[in-house]
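Engineer: Once you've had a glance at the structure underneath, I'll fire off some questions.
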Amino acid sequence: MHSREEKRPFDIRLVMERIRQAVQPFPKAALTQLADEGHASAFEQLMACIISVRTFDETTLVCARRLFALGRTPGQVAGLDPALIEEAINRSSFHEVKALRIHAAARRVVDEYRGVLPCEREVLLSLPGVGPKCANLVLTIACGENRISVDTHVHRIANRWGYIQTTRPGQSLHALEEKLPVEYWSEINRVLVPFGKNICTSRLPRCGTCPVLDMCRQVKVTGHR
Ligand code: SF4
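Reading the sequence shown from the start, the letters are residues 18 to 242 in my numbering.
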């Protein structure tokens, strides 16, 4: 066990390398999993991200697959009755408002962008229910851009490492953009989601078997396994 005084200097390259290895046995983050299943278009990723808000990945996967069975393109989804969309995603939280947002987004893409969601951050952010996290995930996974997506796991873990010192995910995005080497921008969300769900958990992180314990400052970690 490493006491806080015995820590070695934090090396982000080594940390990312070890965590990449450590998460290999765990399920992938929901949007990455869906992309691997062929749902890699910007609009499919956007719909999945809207569904994923305050919803477990396992539930997001079920809901997204059910919705994609009804429609995968903006044209197809705009043609659906919002009640059908809601029924498909009814296991996710706030499914009523999410169904209306998905339908409204599809409608706008059909009306304003000829049925194809553009890979443009401003356009994504202007759609209902889409914040910086979802916009950046879509741009990274579907559009091949190199962006940092900060969700609750990325925010919590980067702060526990002592790599950044922030109180809100929005601040974490800016702090990471200043500090994180660009080569890890699109990868950090992909590896820290499974790492945060299985090792550096919100409650009682598994520090005792964590592969980066020798470098992590364990900031505000008061109890662990
Ligand atoms: S599990 Fe513990 S040691 Fe590992 S990253 Fe999280 S807080 Fe740090």
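Every residue gets a Cβ at the ideal spot worked out from N, C-alpha and C, and that includes glycine.
Considering only the alpha carbon of each residue, which of R82, L142, A46, G179 lies closest to R25?
Structural biologist: For this step, residue 25 is matched to residue 8 along the sequence shown. For the residues R82, L142, A46, G179, the minimum Cα distance to R25 belongs to G179.
Engineer: Consult DSSP for E204 and reduce its assignment to one of helix, strand or coil.
Structural biologist: Working through the sequence shown from its first residue, we reach residue 204 at position 187. Three-state DSSP puts E204 in a helix.
Engineer: What would DSSP say about C217, mapped onto helix, strand or coil?
Structural biologist: Residue numbering aside, residue 217 sits at position 200 when the sequence shown is read from its first letter. The answer is coil: DSSP assigns C217 none of H, G, I, E or B.
Engineer: Starting from the N-terminal side, write out each stretch of the alpha helix (DSSP H) that is 4 residues or longer and does not extend beyond the segment 134-194.
Structural biologist: 138-142, 149-158, 169-178
Engineer: In the DSSP assignment, find the alpha helix (DSSP H) that holds H241 and state where it starts and stops.
Structural biologist: Mapped onto the sequence shown, residue 241 falls at position 224. Element bounds for H241: n/a, residue is neither H nor E.
Engineer: Just to check, is the beta-carbon of I181 closer than 7 Å to a non-hydrogen atom of the ligand SF4?
Structural biologist: The residue labelled residue 181 in the question sits at position 164 within the sequence shown. Outside the cutoff, so no.
Engineer: Indicate, with yes or no, if the ligand SF4 has a heavy atom lying under 7 Å from the CB of I174.
Structural biologist: For this step, residue 174 is matched to residue 157 along the sequence shown. The answer is yes for I174.
Engineer: Nearer than 7 Å: is that true of the beta carbon of L221 relative to any heavy atom of the ligand SF4?
Structural biologist: Position 204 of the sequence shown, counted from the start, is the residue given in the question as residue 221. Because no heavy atom of the ligand SF4 lies under 7 Å away, the Cβ of L221 does not count as near it: no.
Engineer: For the alpha helix (DSSP H) holding L78, just list the boundary residues, first then last.
Structural biologist: Stepping through the sequence shown from its first residue, residue 78 is reached at position 61. Looking at the DSSP string, the run of the alpha helix (DSSP H) that includes L78 is 74-87.
Engineer: Relative to the C-alpha of V94, which residue among A121, V79, S219, L48 is closest?
Structural biologist: Locating residue 94 in the sequence shown gives position 77, where the first residue counts as 1. The shortest Cα separation from V94 among A121, V79, S219, L48 belongs to A121.
Engineer: What would DSSP say about K45, mapped onto helix, strand or coil?
Structural biologist: Start at 1 with the first residue of the sequence shown, and residue 45 comes out as number 28. Three-state DSSP puts K45 in coil, outside helix and strand.
Engineer: Are there three or more Cβ pairs, one per stretch, closer than 8 Å when the segment 153-161 is compared with the segment 132-145?
Structural biologist: yes
Engineer: So, G213 versus R242, is the Cβ gap smaller than 8 Å?
Structural biologist: Counted from its first residue, the sequence shown places residue 213 at position 196. Counted from its first residue, the sequence shown places residue 242 at position 225. Going by C-beta atoms, G213 is not nearer than 8 Å to R242.
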